[in-house]
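Undergrad:
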Amino acid sequence: MQRYTLGVVDYVLFGAFMCISTGVGIYYAIVGKLKTNVDKEKATEDYLMGGRSMPFLPVVLSLVTTFMSGITLFGIPAEIYEHGAVLMLQYLTMPLAILLLGYIFVPIFYNLGSTSIYEYLEIRFHSVFLRRICAAMFVVNTIMLMGVVIYAPAVALSGVTNIDTWILILLVGVSSTLYTTLGGLKAVVWTDALQAGVMYAGTAIIVVKGTMEVGGIGKIWEVAVRSQRIEKLWRIDPNPAQYMSIWITLSDSLLTWLSFYGLNQMALQRYCSVSTLSGAKRIVKHTAPLYLLFSLITWYIGFTVLAYFYDCNPLETGEVKKYDQLMVTFAVKVTKDIPGMPGLFLACIFATTLSTISSGYNSLAAVVYEDFVNPLAGHKLTSTSSLVLNKILVCLFGCASIGISFACGRLGGIIMSVIGMFNATSGPTIGIFIVGILSRRVSTKATTVGFLFSTVVCLGLWISAVVEKPYAEYRLPTNSTIEGCHNHPFNLTQIPSYDAHYGRPDASYFSKISAFLYPPIGVLCVWIPAILLSHVFPPKEELYSCGRRHSLTFRCRPRKV
91 MQRYTLGVVD
101 YVLFGAFMCI
111 STGVGIYYAI
121 VGKLKTNVDK
131 EKATEDYLMG
141 GRSMPFLPVV
151 LSLVTTFMSG
161 ITLFGIPAEI
171 YEHGAVLMLQ
181 YLTMPLAILL
191 LGYIFVPIFY
201 NLGSTSIYEY
211 LEIRFHSVFL
221 RRICAAMFVV
231 NTIMLMGVVI
241 YAPAVALSGV
251 TNIDTWILIL
261 LVGVSSTLYT
271 TLGGLKAVVW
281 TDALQAGVMY
291 AGTAIIVVKG
301 TMEVGGIGKI
311 WEVAVRSQRI
321 EKLWRIDPNP
331 AQYMSIWITL
341 SDSLLTWLSF
351 YGLNQMALQR
361 YCSVSTLSGA
371 KRIVKHTAPL
381 YLLFSLITWY
391 IGFTVLAYFY
401 DCNPLETGEV
411 KKYDQLMVTF
421 AVKVTKDIPG
431 MPGLFLACIF
441 ATTLSTISSG
451 YNSLAAVVYE
461 DFVNPLAGHK
471 LTSTSSLVLN
481 KILVCLFGCA
491 SIGISFACGR
501 LGGIIMSVIG
511 MFNATSGPTI
521 GIFIVGILSR
531 RVSTKATTVG
541 FLFSTVVCLG
551 LWISAVVEKP
561 YAEYRLPTNS
571 TIEGCHNHPF
581 NLTQIPSYDA
591 HYGRPDASYF
601 SKISAFLYPP
611 IGVLCVWIPA
621 ILLSHVFPPK
631 EELYSCGRRH
641 SLTFRCRPRK
651 V
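Residue numbers for the sequence shown, in our numbering: 91 to 651.
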């Protein structure tokens with residue numbers, strides 16, 4: 091397998107980027123240390139929520155980069171190359187999701203004034219159990235997600251450079267843990283803003299140079315059509331036991347956007363870090379176009395990668411081992427004549443990764459502290475000990491995520507690993523928030539039963555898919571030729587005799603249900619039992635408004651008289 095050696099200029103650029111990122115954390119650690127006579131609540135809020143006075147633009151950039159990780163840069167080109175472009179349809183539902191977020195969800199959570207989104211569940215349902223079980227699921231889910239996000243750039247870069255995977259894992263994990271531990275949310279937000287600039291600059295250069303190398307936009311479109319990747323957009327079969335279809339994409343995408351930018355602890359902390367509700371709504375409105383822009387750029391790069399390698403598949407020549415490495419190989423090839431460009435691209439990859447995992451660490455600490463530590467032992471903690479505890483939590487979660495990343499190779503391709511795990515664990519949680527906000531008369535007992543049932547179903551789907559791997563052989567063909575590979579030897583990829591889009595014939599139907607359907611399945615498995623069982627277990631105190639100035643449901647509940 092061909093490897094590329096980074097030059098001195100590349101290492102200097104990359105090293106400068108890493109030093110600046112870490113320096114931001116050190117700066118805010120020093121600033122926080124200089125503050126005196128700060129009470130415990132104020133010190134903790136400053137560390138976890140940025141003092142609820144963060145400026146608008148850095149928060150917007152932070153929110154964009156938080157969910158635009160190295161998984162996106164590597165996974166989307168790999169997904170297009172291997173399976174087609176049907177995932178592009180998910181952006182059709184983004185405007186509706188933004189409307190729902192700004193009109194329904196964000197006002198409720200912002201006015202609640204909580205550090206943890208899961209406090210809502212205790213107040214709405216009068217249930218400490220629901221609050222803590224959902225918080226615990228978030229912790230497990232996010233630790234696993236952070237592990238995969240660290241693994242993504244490490245395994246991709248190690249395949250085409252002279253840097254070992256374990257070194258890259260430690261470099262990403264340790265640096266992000268360091269500046270997040272030292273500086274808190276302020277360091278995360280301001281570093282994300284810096285990383286957003288690097289991310290857009292790096293991808294813009296790759297777009298321009300890659301388009302020139304391939305032969306123009308017309309060539310890119312011609313290959314996209316000829317390779318049948320565009321044709322796969324129009325799968326209309328309603329069968330849930332298939333890799334992807336229009337209906338699966340649309341039913342999943344709305345809940346995905348709501349989860350990313352509304353029903354998510356990392357998003358909540360950004361909204362609540364500004365001083366007004368109108369500011370929080372502005373963040374929602376401005377984040378969506380920037381996220382959409384970068385997503386479309388990434389999809390364009392994916393089609394460019396397809397056009398560049400279509401007539402000589404690097405996996406068939408042995409140049410790379412995984413589809414996830416195609417993006418890095420492409421970027422290095424088209425920019426190798428520009429001094430320092432590989433180093434800038436390396437910084438771009440790390441920028442997308444660091445922003446995601448630093449946000450995850452900070453949110454994990456906020457949830458554990460607010461939902462578990464503070465209710466049980468918060469009265470015993472001083473201002474100093476509370477702050478130190480939060481920093482210890484961030485550090486521990488960083489170490490745990492690094493450990494998880496070393497096991498990610500067993501989970502398969504990056505995109506499906508993340509989507510399967512994230513959807514299986516987030517579906518029930520999305521469902522319980524939607525039920526709480528939109529259904530005024532459900533009971534706590536009925537909702538709890540629905541939530542537990544949904545969790546069992548979704549985890550069962552995911553585990554069966556991981557064990558059986560029904561889509562392991564599913565990939566679309568390429569067109570490697572002797573001329574295209576310049577007389578280099580290659581071995582054509584064997585395409586199965588059956589339609590692998592519907593999974594292996596010997597795999598169970600249960601395991602073949604698309605991972606993109608886990609969120610809607612999870613929501614329905616919470617909502618339907620909650621509605622039906624509320625007639626068997628009628629609501630009591632949870633039926634009524636708790637007397638707060640702002641309602642906990644979309645339509646106000648009755649007051650108890």
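Glycine included, every Cβ here is placed at the ideal spot set by N, Cα and C.
#1: In terms of residue numbering, what span does the alpha helix (DSSP H) encompassing F420 cover?
#2: Does P586 come out as helix, strand or coil in the three-state DSSP assignment?
#3: Does the structure place the stretch 385-405 close enough to the stretch 164-171 that three or more beta carbon pairs sit under 8 angstroms?
#4: Under a Cβ-count criterion, where at least 16 other Cβ atoms within 10 Å of its own Cβ denotes burial, should K322 be classed as buried or exposed?
#5: To the nearest angstrom, how far is it from the Cα of G392 to the Cα of D414?
#6: Just tell me which of A597, L549 and R594 has its CA closest to the CA of Y608.
#7: Note down the Cα distance separating G503 from N231, rounded to an integer number of angstroms.
#8: Out of curiosity, what's the CA-to-CA distance linking G408 and I447?
#9: How about G287 and C498: do their beta carbons lie closer than 8 angstroms?
#10: In chain order, what residues of the same chain have a beta carbon less than 7 angstroms from the beta carbon of V613, not counting five sequence neighbours either side?
#11: Take F644 and list the residues in its own chain whose beta-carbon comes closer than 6 angstroms to its own, dropping the five residues that flank it on each side.
#12: Identify the continuous alpha helix (DSSP H) that holds L189 and give its terminal residues.
#13: Determine the contact status of T134 and N480, defining contact as a CB-CB distance below 8 angstroms.
#14: Buried or exposed: where does F384 fall if 16 or more other Cβ atoms within 10 Å of its Cβ makes it buried?
#15: Quick one, which of R372, I338 and D401 has its alpha-carbon nearest S317's?
#16: Compare the beta carbon distance of Y351 and V374 with 8 angstroms and say whether it is the shorter of the two.
#17: Alpha carbon to alpha carbon, how far is I207 from L191?
#18: Apply the 10 Å Cβ neighbour rule to C615 and answer buried if 16 or more other Cβ atoms are within range, or exposed otherwise.
#19: Return the chain-ordered ranges of every alpha helix (DSSP H) run that is complete within the stretch 391-478 and spans a minimum of 4 residues.
#20: Is the Cβ-Cβ distance between S533 and P610 less than 8 angstroms?
#21: Once DSSP output is grouped into helix, strand and coil, what is the label at L566?
#22: With C-beta atoms as the reference, is Y200 less than 8 angstroms away from L367?
#23: DSSP three-state label for M334, please.
#24: With distances taken between CB atoms, is the gap from I494 to L551 smaller than 8 angstroms?
#25: Tell me where the alpha helix (DSSP H) around R316 begins and ends.
#26: CB V154 to CB L380, shorter than 8 angstroms?
#27: So the alpha helix (DSSP H) Q66 belongs to, where does it begin and stop?
#28: Express the C-alpha separation of I259 and A106 in angstroms, rounding to a whole number.
#29: Residues in its own chain within less than 7 angstroms of T112 by CB, not counting five upstream and five downstream?
#30: Below 8 angstroms between beta carbons: does that hold for W347 and I336?
#31: Excluding the 5 residues flanking M302 on each side, which residues of the same chain have their C-beta closer than 7 angstroms to its C-beta?
#32: Would you grab the beta carbon distance between T162 and T442 for me? Rounded to a whole angstrom, and I think it's under 8 angstroms.
#33: Does the beta-carbon of D136 have 16 or more other beta-carbons within 10 angstroms, so that it is buried, or is it exposed?
#34: Pull up the distance between the alpha-carbon of A514 and that of T545, whole angstroms please.
#35: Along the chain, where does the alpha helix (DSSP H) containing A597 start, and where does it finish?
TA: Put simply:
#1: By 1-based counting over the sequence shown, the position of residue 420 is 330. Taken as a continuous stretch (DSSP letters only), the alpha helix (DSSP H) holding F420 covers L416 to T425.
#2: The sequence position of residue 586 within the sequence shown is 496, counting from 1. Look at P586 here: in three-state DSSP terms it is coil, with no helix or strand label.
#3: By the Cβ criterion, the stretch 164-171 is in contact with the stretch 385-405, since at least three pairs of Cβ atoms, one from each stretch, lie closer than 8 angstroms.
#4: For the purposes of this step, residue 322 is identified with residue 232 of the sequence shown, where counting begins at 1. Answer is buried; the Cβ neighbour count reaches 16.
#5: By one-based count along the sequence shown, residue 392 stands at place 302. By one-based count along the sequence shown, residue 414 stands at place 324. In this structure, the CA atom of G392 is about 11 angstroms from the CA atom of D414.
#6: Taking the first residue of the sequence shown as 1, we reach residue 608 at position 518. Selected option, being the one with the closest Cα: L549.
#7: The count along the sequence shown starts at 1 and reaches residue 503 at position 413. The count along the sequence shown starts at 1 and reaches residue 231 at position 141. For G503, the pLDDT reaches just 49, beneath the cut-off of 50, and the residue's location in the model is therefore unreliable, although a value from the coordinates is still provided. For the pair G503 and N231, the Cα-to-Cα distance works out to about 18 angstroms.
#8: Within the sequence shown, residue 408 is the residue found at index 318, counting from 1. Within the sequence shown, residue 447 is the residue found at index 357, counting from 1. Rounded to the nearest angstrom, the two C-alpha atoms are 32 angstroms apart.
#9: Taking the sequence shown and counting its residues from 1, one reaches residue 287 at position 197. Taking the sequence shown and counting its residues from 1, one reaches residue 498 at position 408. In this structure, the beta-carbon distance from G287 to C498 does not fall below 8 angstroms.
#10: Taking the sequence shown and counting its residues from 1, one reaches residue 613 at position 523. Non-local beta-carbon contacts of V613 in its own chain, meaning distances under 7 angstroms to residues more than five positions away in sequence, involve L345, G517, I520, G521 and I524 in chain order.
#11: Counted from its first residue, the sequence shown places residue 644 at position 554. Taking F644 as the centre and dropping the five residues before and after it, the same chain places the C-beta of I194, I527 and L528 closer than 6 angstroms to its C-beta, in chain order.
#12: On the sequence shown, position 99 is the one that residue 189 refers to. Unbroken alpha helix (DSSP H) run through L189: M184 to L190.
#13: Taking the first residue of the sequence shown as position 1, residue 134 is located at position 44. Taking the first residue of the sequence shown as position 1, residue 480 is located at position 390. It is a contact, given that the beta carbons lie within the stated cut-off.
#14: Indexing the sequence shown from 1 puts residue 384 at position 294. A buried status is given to F384, since no fewer than 16 other beta-carbon atoms sit within 10 Å of its beta-carbon.
#15: Position 227 of the sequence shown, counted from the first residue, corresponds to residue 317. Of the listed residues, the one whose Cα sits closest to S317 is D401.
#16: For this step, residue 351 is matched to residue 261 along the sequence shown. For this step, residue 374 is matched to residue 284 along the sequence shown. Closer than 8 angstroms, so yes.
#17: If you number the sequence shown from 1, residue 207 lands on position 117. If you number the sequence shown from 1, residue 191 lands on position 101. I207 and L191: Cα-Cα distance of roughly 14 angstroms.
#18: Your numbering for residue 615 matches position 525 in the sequence shown. Burial call: buried.
#19: Assignment of alpha helix (DSSP H) within the stretch 391-478, counting only whole runs of 4 or more residues, yields 404-407, 416-425, 431-458 and 464-467 in chain order.
#20: Stepping through the sequence shown from its first residue, residue 533 is reached at position 443. Stepping through the sequence shown from its first residue, residue 610 is reached at position 520. Contact: no.
#21: The sequence position of residue 566 within the sequence shown is 476, counting from 1. Residue state for L566 is assigned as coil, using DSSP reduced to three classes.
#22: Residue numbering aside, residue 200 sits at position 110 when the sequence shown is read from its first letter. Residue numbering aside, residue 367 sits at position 277 when the sequence shown is read from its first letter. Contact flag set, yes.
#23: Taking the sequence shown and counting its residues from 1, the one referred to as residue 334 is at position 244. The answer is coil: DSSP assigns M334 none of H, G, I, E or B.
#24: Counted from its first residue, the sequence shown places residue 494 at position 404. Counted from its first residue, the sequence shown places residue 551 at position 461. Result no, Cβ atoms of I494 and L551 do not sit closer than 8 angstroms.
#25: In the sequence shown, counting from the first residue as 1, residue 316 sits at position 226. In this chain, the alpha helix (DSSP H) harbouring R316 covers I307 to R316.
#26: Your numbering for residue 154 matches position 64 in the sequence shown. Your numbering for residue 380 matches position 290 in the sequence shown. Yes.
#27: Outside the displayed range of the chain (91 to 651) lies residue 66, so it cannot be described from this structure.
#28: Sequence index remark: in the sequence shown, residue 106 carries index 16 (1-based). Sequence index remark: in the sequence shown, residue 259 carries index 169 (1-based). About 19 angstroms.
#29: Reading the sequence shown from its first residue, position 22 is the one you call residue 112. Sequence-distant Cβ neighbours of T112 in its own chain, meaning closer than 7 angstroms and more than five residues away, are S265, L268 and Y269.
#30: Numbered from 1 along the sequence shown, position 257 holds the residue referred to as residue 347. Numbered from 1 along the sequence shown, position 246 holds the residue referred to as residue 336. In this structure, W347 keeps its C-beta atom at 8 angstroms or more from the C-beta atom of I336.
#31: For the purposes of this step, residue 302 is identified with residue 212 of the sequence shown, where counting begins at 1. Here the set comprises nothing.
#32: Numbered from 1 along the sequence shown, position 72 holds the residue referred to as residue 162. Numbered from 1 along the sequence shown, position 352 holds the residue referred to as residue 442. T162 to T442, Cβ: 7 angstroms. Contact.
#33: Position 46 of the sequence shown, counted from the first residue, corresponds to residue 136. Under this definition D136 is a buried residue.
#34: The residue you call residue 514 lines up with position 424 of the sequence shown. The residue you call residue 545 lines up with position 455 of the sequence shown. In a straight line, the C-alpha of A514 is about 8 angstroms away from that of T545.
#35: The sequence position of residue 597 within the sequence shown is 507, counting from 1. No alpha helix (DSSP H) holds A597; DSSP gives it neither H nor E.
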